[in-house]
Amino acid sequence: MSAWRVTSYGNLDKLCLSNDVSKPTIVKPRDVLVKVRAASLNPIDAAMLGGYGQVLLDAMRSLEGCVQDTKKISLPLTLGRDFCGEVVAKGNDVRNVRVRDTVYGVVVPHLPGSHAEFVIADSCLVSRKPEHLTDEEASSIFYTAMTAWSALKVTGDIILTSPKGLRALVIGGSGGVGTVAIQLLKNWGVEVTTTCSTDAVPLLESLNADVVIDYKKPDALKDLEIVGKFDIILDASGTASPNMYLGFLREWKNAKFITLRSPMLSNTDKLGLVGGMAQNALDLALANIKSGAVAKGATVRWGFFMPVAAGINEINDLVLEKKIKPVVEKIYPFSDMPAAFERMSGGHLRGKLVVTMDNSKVTI
184 MSAWRVTSYG NLDKLCLSND VSKPTIVKPR DVLVKVRAAS LNPIDAAMLG GYGQVLLDAM
244 RSLEGCVQDT KKISLPLTLG RDFCGEVVAK GNDVRNVRVR DTVYGVVVPH LPGSHAEFVI
304 ADSCLVSRKP EHLTDEEASS IFYTAMTAWS ALKVTGDIIL TSPKGLRALV IGGSGGVGTV
364 AIQLLKNWGV EVTTTCSTDA VPLLESLNAD VVIDYKKPDA LKDLEIVGKF DIILDASGTA
424 SPNMYLGFLR EWKNAKFITL RSPMLSNTDK LGLVGGMAQN ALDLALANIK SGAVAKGATV
484 RWGFFMPVAA GINEINDLVL EKKIKPVVEK IYPFSDMPAA FERMSGGHLR GKLVVTMDNS
544 KVTI
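Its first residue numbered 184, the sequence shown is counted upward by one per residue in this note's numbering.
Below you can see the structure in the form of structure tokens.
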């Protein structure tokens, strides 16, 4: 089969199209083999291209039996987390989908990805595609949606309490995670304020954010002050400083600042598993102390993708009810994967970037 593969860690020139890759086969009883019609790009793909997370992900691959020698780098590597396509085979324990079903799903980061003609995924991370979505739209949903769901429901403790009546700020609402986070929060009854650049304001207003603030305006911080304090701040951009936004959290109300860009994987890359985990504990403690969060009864937390079946089911239900709509900026041909990566590296995305096997769906 054909697959885009990373032959050595580095820049985009290390990403190559191979036409003689072995087609994956069903190994586990919950495996689903899908012929890919469309797949999306996520920032983690670009990071993994450069070797990000190699140590921890290789350890997870070793546990899965994907790497025979843990001293060797797991290359070549196929990137891609989201997908939509047709089920061509399935394990004996798979009950939620059938062969020939059109499905959409997500692949965990330590397993071979979806930038290929075929991909294997766990059945609990796969759902039948809603009929009102195109293949390309469906392929853009689950990784960013589960990142937002995990950061808010698990890291943000929403899973433990009723979110109705909470107030949330989503920093960088126009990207892949931000657009879904806004919709999730609104569906949970949360009052949502979000920030974006001038041209993205109409998009976020269309997602029913309560307040949209153009961060390029000189009085943007004053506008935030007028809105008031928040129970949750989600940094979907991965660039905001807790120190800058701590004053916008409610004091002594167990408020949280959640960032999606933590040093967790880079620490294990530099220091190994044991040293990296120790450094992670220290870094997170220092982030809470130096930002002053602890002194105000708030916390700084790290959010990340978690492959939770309950989250997949909830998101699928909301998509079926048309309460979450995918936001796709551009659709590239599968053959032009490097161009999609180049666009992603430019930042300021308006939703997701998708690659398709059907050239008639291309929008560039």
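Where a beta carbon is used, it is the ideal one built from N, C-alpha and C, also for glycine. The model shown is predicted, which means the values in this text are computed figures rather than measured ones.
Segment contact, 8 Å Cβ cut-off, at least three pairs: the segment 332 to 344 with the segment 359 to 376
Three or more beta-carbon pairs separated by less than 8 Å link the segment 332 to 344 to the segment 359 to 376, which places the two stretches in contact.
Please name the residue or residues paired with W187 in a DSSP beta bridge.
W187 pairs with L200.
Can you tell me the Cβ-Cβ gap for A272 and V282, rounded? I've got them flagged as a contact below 8 Å.
Indeed they touch by this definition, with Cβ atoms about 7 Å apart.
Does the count of Cβ pairs from the segment 482 to 493 and the segment 510 to 525 closer than 8 Å reach three?
Contact between the segment 482 to 493 and the segment 510 to 525 is absent, because fewer than three Cβ pairs lie under 8 Å.
Just to check my reading of the structure: K412 and L432 have Cβ atoms closer than 8 Å, yes? What is that Cβ distance to the nearest angstrom?
In this structure K412 touches L432 by the C-beta definition: roughly 6 Å separates them, less than 8 Å.
R220, DSSP secondary structure in three states
For R220, the three-state secondary structure derived from DSSP is strand.
T381 by DSSP, collapsed to three states: which one?
In the structure shown, T381 sits in a helix (DSSP, three-state: H, G or I).
For A364, three-class secondary structure by DSSP
If DSSP states are grouped into helix, strand and coil, A364 belongs with the helices.
Is there contact here, the segment 201 to 219 with the segment 408 to 425, by at least three beta-carbon pairs under 8 Å?
Touching, no.
The alpha helix (DSSP H) enclosing K453, as first and last residue numbers:
Segment M447 to K473, the alpha helix (DSSP H) holding K453.
Quick check on the DSSP output: what are the complete alpha helix (DSSP H) runs of length 4 or more inside the segment 318 to 369, in order along the chain?
Listed in chain order, they are 318 to 321 and 325 to 332.
Ignore the nearest five residues each way along the sequence and tell me which others in V219's own chain have a CB closer than 7 Å to its CB.
Spatial neighbours of V219 in its own chain (CB-CB distance under 7 Å, excluding positions within 5 residues in sequence) are listed in chain order as F266, G268, S297, A299, E300, F301, V302 and M540.
DSSP state of A403, grouped into three classes?
If DSSP states are grouped into helix, strand and coil, A403 belongs with the helices.
R244 in three-state terms, based on DSSP
Assignment of R244 by DSSP, reduced to helix, strand and coil, places it in the helix class.
With DSSP collapsed to three states, give me the class of Y428.
Y428 sits in a helix when the DSSP states are folded into three classes.
Can at least three beta-carbon pairs, one atom from the segment 493 to 503 and one from the segment 452 to 468, be found at a separation below 8 Å?
The segment 493 to 503 is not in contact with the segment 452 to 468.
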